[in-house]
Amino acid sequence: MTTEAADAIDRLVTAFDHHDPAYTPQTAQRVNREIRERGVTWSPAYGGIWILSRYADVRAALADWRTFSSARGVHFPRAEGMPMFSPIDYDPPRQREIRDRMAAPVTREAVHGLEPELRRIAARLLAPVVERGYGDLMAEVAEPFAIEVLGVAFGLSETCRGRIREATRTMWTYISSDRDASKFWPAFHALLADEIERVRREPDGSYIARLAAMRQNGRPLPDEELYSIIVSFCVAGHDNTMNSITRLVHTLAGDPALQLRLRREPALRPAVAEEALRRWCPTDRFTRITTREVTVAGTVIPAGARVVLLFDAANRDPEKFPGPDRFDPDRGNSHQHLGFGHGIHHCMGLHLARAEFAAVLDELAGLPVFDLEGPSELHFENGRHVMFDQVSVRFRTGEER
66 MTTEAADAID
76 RLVTAFDHHD
86 PAYTPQTAQR
96 VNREIRERGV
106 TWSPAYGGIW
116 ILSRYADVRA
126 ALADWRTFSS
136 ARGVHFPRAE
146 GMPMFSPIDY
156 DPPRQREIRD
166 RMAAPVTREA
176 VHGLEPELRR
186 IAARLLAPVV
196 ERGYGDLMAE
206 VAEPFAIEVL
216 GVAFGLSETC
226 RGRIREATRT
236 MWTYISSDRD
246 ASKFWPAFHA
256 LLADEIERVR
266 REPDGSYIAR
276 LAAMRQNGRP
286 LPDEELYSII
296 VSFCVAGHDN
306 TMNSITRLVH
316 TLAGDPALQL
326 RLRREPALRP
336 AVAEEALRRW
346 CPTDRFTRIT
356 TREVTVAGTV
366 IPAGARVVLL
376 FDAANRDPEK
386 FPGPDRFDPD
396 RGNSHQHLGF
406 GHGIHHCMGL
416 HLARAEFAAV
426 LDELAGLPVF
436 DLEGPSELHF
446 ENGRHVMFDQ
456 VSVRFRTGEE
466 R
């Protein structure tokens, strides 16, 4: 480690700032570990923030929404003029009302009905890569798969599917860095407005059409709520899934023995997905605001404090997951990770996400073994999402399927 990198880590441990350019996926592991070892910590960044990083502390905060409130937004800092994200930026009872409206396309039953289509999409996207013998599993599989499934599940048009990734990328670029919503929200809003107008003009029975037709007290849903719901589905519905699938295929490409094992032991595939989510949390952190003075692990946090919950650090807490930096599909408790959150804000789309992981893993298990062909660079998007630039692989020729 260079002196410059060591100095940056020391600075970030004592003055944590997830938007500091020095806070990269490479330094984050060391920073998060040292913060976790210190217990509850405080940073002067943004006027003062508290950081919870141990598994027990983060899980307890997620479970206690009355003390750790989401109602002032879980993204921090955030651009003025950016809508709230539903339902994660609300507390009960409003949170429950909105969550109920959002539930239909992601119930276990609804997802079960989509499973054959998920497998078809995965097979279709992988086919040309396998036929060619090589390719980029991020750009050619993970990204289009997540976006296409999002479109199928919620009823987005082909036009919207084609533009949603760039709109999301632009939003993450500006939502916190300079907090200027005019650089991303008008265009994003216009994209969603076109979708709403389309399904109101020609209702097609999709979830987005049903949502646009919903009424509250005899009136259409307020625009604020309608757009909050749709933008949340559009962003969360592809971003985290895309990142998680990318990490899964990257992990498998680096471990041909694991690929062969998954062929022989299909029952192990869900555990591999859960361990990947634990080991590499797709969303590194969210924040809360304390509604009262609270003591966490012997440290008093005042009322009205902004609290950062470091999911990635919690998922690598050795008190919960011994040998946490080791990828171990036989761990046994990987499913207790916080990658899907916990409490009232646990991920609504977890059934869909798990079905997507299963579809990709099942399809890969019937293909030749593949190996990493080049390095993959990592970076943070919005200080939260670990992104790959590529996952370049080559399939072994002559391998039995």
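Using the working numbering, the first residue of the sequence shown is number 66, and each one after it goes up by one.
Beta carbons: idealized from backbone N, C-alpha and C, even for Gly.
Reduced DSSP category for residue i - H, G, I as helix; E, B as strand; rest coil
i: Tyr-155; result: coil
i: Tyr-199; result: strand
i: Met-167; result: helix
i: Ser-134; result: strand
i: Val-105; result: coil
i: Ser-457; result: strand
i: Glu-145; result: strand
i: Val-300; result: helix
i: Val-194; result: helix
i: Thr-67; result: coil
i: Val-264; result: helix
i: Thr-79; result: helix
i: Thr-89; result: coil
i: Thr-364; result: strand
i: Asn-123; result: Per the sequence presented here, residue 123 reads as Val, with Asn not at that position. If DSSP states are grouped into helix, strand and coil, Val-123 belongs with the helices.
i: Val-139; result: coil
Bridge partner(s) assigned by DSSP for residue i
i: Gly-281; result: The amino acid occupying residue 281 in the given sequence is Gln; Gly does not appear at that position. BP columns for Gln-281 point to Arg-284.
i: Met-452; result: His-444
i: Leu-323; result: Leu-323 pairs with nothing; no bridge assigned.
i: Thr-462; result: Partner(s): none; Thr-462 has no beta bridge.
i: Glu-340; result: None, per the DSSP bridge assignment.
i: Phe-150; result: In DSSP, Phe-150 forms no bridge with anything.
i: Thr-348; result: His-450
i: Arg-371; result: Ile-354
Residue environment, residue i, which counts as buried when at least 16 other CB atoms sit within 10 Å
i: Gly-302; result: buried
i: Asp-390; result: exposed
i: Glu-145; result: exposed
i: His-315; result: buried
i: Pro-383; result: exposed
i: Pro-152; result: buried
i: Pro-251; result: exposed
i: Pro-394; result: buried
i: Gly-112; result: exposed
i: Glu-223; result: exposed
i: Ser-271; result: buried
Expected contact under 8 angstroms - CB spacing of residue i and residue j to nearest Å
i: Trp-115; j: Ile-366; result: 5 angstroms
i: Cys-412; j: Phe-376; result: Not really, about 11 angstroms apart at Cβ, beyond 8 angstroms.
i: Val-195; j: Leu-432; result: 6 angstroms
i: Glu-339; j: His-402; result: 7 angstroms
i: Arg-173; j: His-407; result: The Cβ separation is near 19 angstroms, so there is no contact.
i: Val-434; j: Leu-325; result: 7 angstroms
Interface flag, residue i vs chain C, CB-CB below 8 angstroms
i: Arg-381; result: Any reference to chain C falls outside this structure, which holds one protein chain only.
Within the region 210-252, ranges of the alpha helix (DSSP H) (whole runs, at least 4 residues):
223-239
Would you mind listing the beta strand (DSSP E) stretches within the region 385-450 that are 3+ residues and don't spill past its ends, in chain order?
435-437 and 443-446
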